[in-house]
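Novice: Handing you this structure, nothing more for now.
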């Protein structure tokens with residue numbers, strides 16, 4: 013009887029471990045999505061046919077071998093305005109949300125890219141790799157990762173396989189806190205014709221990090237999660253139309269720790285490290301009204 | 141008594157195992173499409189930097205203009221710009237998924253480097269995203 017009970021326990025635990033491994037693998041591989049090509053292609057065709065597809069594409073002009081700001085060297089931050097091609101953004105206020113209660117009270121889940129309230133502190137995983145330590149311990153990896161030598165794919169795999177334990181020993185899973193930053197702004201179409209474009213703004217920290225990953229837009233025209241993931245902030249602006257809207261960013265504590273001075277705007281198209289205080293198309297959040305409810 | 145203890149342990153094991161089997165969510169991929177444009181009177185050019193949150197392929201969808209070559213670039217911890225993909229040519233109106241090693245090699249940002257194939261006084265443009273939710277035509 014005793015032996016039977018032990019056998020049953022071992023079997024159950026084995027089944028659960030196998031189940032757990034399968035669930036882990038399934039959750040970490042790419043999930044199949046519905047094909048949205050027809051809808052997406054339709055959007056592209058609509059853009060081309062109304063000639064507004066080139067809306068704000070001038071921002072990526074570059075000269076021979078060099079980068080240049082292109083149309084990002086716009087009007088600048090007079091009256092807290094950020095110019096991007098045919099649109100002008102005028103941020104007015106911001107709110108930082110760190111509690112579920114406030115998030116649920118003030119923001120509609122329908123306008124998040126996944127159509128659900130995101131998790132807040134402690135519920136996100138980040139894999140943090142100490143590449144500097146790895147490079148110090150395995151100079152051959154430093155050589156490989158910085159393309160200092162000409163390795164074939166097979167050679168690269170062999171080298172990384174050889175140092176797999178080194179990489180693993182300097183990798184940890186963290187659960188950083190997440191703060192949500194919501195910015196309310198006006199967007200103006202300066203053209204006498206319709207413009208279809210996205211809200212292409214960055215949140216920049218004084219630590220040099222930045223993100224353009226907008227996860228919330230309360231004027232989204234996308235109707236499904238599949239559309240929102242690809243086109244959340246894309247909007248059809250009528251000629252000279254001004255809209256007021258709110259966009260949201262998820263700020264990881266590991267990238268934008270509390271105390272980081274935050275800015276909103278357009279980053280320069282070059283290789284260098286820039287100073288957000290000195291860039292014309294970047295505004296400090298301290299210059300906006302902070303909403304504290 | 142012993143049977144009850146074994147049963148209780150089994151139940152507790154099941155509960156804890158199920159709890160820890162649920163995968164924790166990760167930061168959402170940066171999948172929104174943004175426009176890009178390149179003037180074919182230049183030999184090379186670049187898109188803006190965008191943050192890259194996962195190891196998925198970079199999505200590029202050229203919708204107008206001459207065919208270009210694309211390379212995914214990132215930055216090392218010291219700020220050096222490096223190539224993190226092969227240079228691939230994506231035809232017009234093809235949704236391309238470019239294999240890259242941005243995240244695998246420690247990068248957190250990505251941009252596209254454009255290289256013209258033929259001189260032309262016209263632009264090439266379309267949309268791109270650093271992360272993606274599915275693979276289209278794969279370019280390795």
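Chains as they are written, first to last, in this note's numbering: chain A, 13 to 305; chain B, 141 to 280.
C-beta: ideal position from N, C-alpha, C; glycine also.
Report the rounded CA-to-CA distance for residue 189 of chain A versus residue 292 of chain A, giving the unit in angstroms.
Specialist: If you take the alpha carbons of residue 189 of chain A and residue 292 of chain A, they lie about 31 Å apart.
Novice: Please report the residue range of the beta strand (DSSP E) in which residue 237 of chain A lies.
Specialist: Careful: residue 237 of chain A lies outside any beta strand (DSSP E), inside the alpha helix (DSSP H) at 237-243.
Novice: Using only CA atoms, which one of A/301, A/242, A/208, A/125 lies nearest to residue 262 of chain A?
Specialist: The option with the nearest alpha carbon to residue 262 of chain A is A/125.
Novice: Can you look up residue 98 of chain A in the DSSP assignment and give me helix, strand or coil?
Specialist: In the structure shown, residue 98 of chain A sits in coil (DSSP, three-state: anything other than H, G, I, E or B).
Novice: Would you say residue 186 of chain B faces chain A, with C-beta separation under 8 Å as the test?
Specialist: It does: the Cβ of residue 186 of chain B has a partner Cβ on chain A nearer than 8 Å.
Novice: Answer yes or no: does any C-beta atom of chain B fall closer than 8 Å to that of residue 219 of chain A?
Specialist: No, because no Cβ of chain B sits closer than 8 Å to the Cβ of residue 219 of chain A.
Novice: State buried or exposed for residue 235 of chain B, treating a residue as buried only when at least 16 other CB atoms are found within 10 Å of its CB.
Specialist: Classification of residue 235 of chain B: buried, given that the 10 Å Cβ count is 16 or more.
Novice: Residue 169 of chain A CB to nearest chain B CB: under 8 Å?
Specialist: Not an interface residue.
Novice: Does the stretch 211-228 of chain B come close enough to the stretch 242-251 of chain B to have 3 or more Cβ pairs within less than 8 Å?
Specialist: A contact exists between the stretch 211-228 of chain B and the stretch 242-251 of chain B.
Novice: Taking C-alpha atoms, which residue in B/179, B/198, B/174 lies nearest to residue 188 of chain B?
Specialist: Here the closest residue by C-alpha is B/174.
Novice: Buried or exposed for residue 78 of chain A, going by 16 or more other Cβ atoms inside 10 Å?
Specialist: Because the pLDDT at residue 78 of chain A is just 25, under 50, the model does not fix this residue reliably, and the point stays unresolved.
Novice: Per DSSP, residue 184 of chain B forms a beta bridge with which residues?
Specialist: Note: residue 184 of chain B sits in a beta bridge opposite B/255.
Novice: Quick check on residue 141 of chain B: buried or exposed, where buried means 16 or more other Cβ atoms within 10 Å of its Cβ?
Specialist: So residue 141 of chain B counts as exposed.
Novice: Any C-beta of chain A sitting closer than 8 Å to the C-beta of residue 170 of chain B?
Specialist: True, the Cβ-Cβ gap to chain A drops below 8 Å.
Novice: What span of residues does the alpha helix (DSSP H) with residue 148 of chain A cover, start to end?
Specialist: Counting along the chain, the alpha helix (DSSP H) containing residue 148 of chain A begins and ends at 143-149.
Novice: I want to know whether the stretch 267-287 of chain A touches the stretch 113-129 of chain A - three or more CB-CB distances under 8 Å.
Specialist: Taking 8 Å as the limit for Cβ pairs, the verdict is that the stretch 113-129 of chain A does not touch the stretch 267-287 of chain A.
Novice: Is residue 226 of chain A closer than 8 Å to residue 244 of chain B when the C-beta atoms are compared?
Specialist: In this structure, residue 226 of chain A does not lie closer than 8 Å to residue 244 of chain B by Cβ.
Novice: With DSSP as the reference, label residue 224 of chain A as helix, strand or coil.
Specialist: Coil.
Novice: Just grab the DSSP bridge partners of residue 274 of chain A for me.
Specialist: According to DSSP, residue 274 of chain A bridges with A/217.
Novice: How far does the beta strand (DSSP E) with residue 215 of chain B in it extend, from its first residue to its last?
Specialist: From DSSP, the beta strand (DSSP E) with residue 215 of chain B extends over 208-215.
Novice: Relative to the C-alpha of residue 279 of chain B, which residue among B/225, B/181, B/260 is closest?
Specialist: Nearest option by C-alpha distance: B/225.
Novice: When we look at the beta-carbon of residue 26 of chain A and count the other beta-carbons within 10 Å, is it buried (16 or more) or exposed?
Specialist: Answer is exposed; the Cβ neighbour count stays below 16.
Novice: Residues of chain B with CB closer than 9 Å to the CB of residue 166 of chain A, please, in chain order.
Specialist: Near residue 166 of chain A there are no residues of chain B at all, since even the closest Cβ is about 14 Å away, more than 9 Å.
Novice: Ends of the beta strand (DSSP E) at residue 186 of chain A?
Specialist: Taken as a continuous stretch (DSSP letters only), the beta strand (DSSP E) holding residue 186 of chain A covers 183-186.
Novice: Compare the C-alpha of residue 240 of chain B against each of B/203, B/181, B/272 and name the closest.
Specialist: Ranking B/203, B/181, B/272 by Cα distance to residue 240 of chain B puts B/272 first.
Novice: Please say whether residue 104 of chain A and residue 197 of chain A have beta carbons closer to each other than 8 Å?
Specialist: Contact: yes.
Novice: Can you find the residues in the same chain that come closer than 8 Å, C-beta to C-beta, to residue 216 of chain A, ignoring five residues on each side of it along the sequence?
Specialist: Counting only Cβ-Cβ distances below 8 Å, and skipping sequence neighbours, we find 222, 274, 275, 276, 277, 279, 288, 294.
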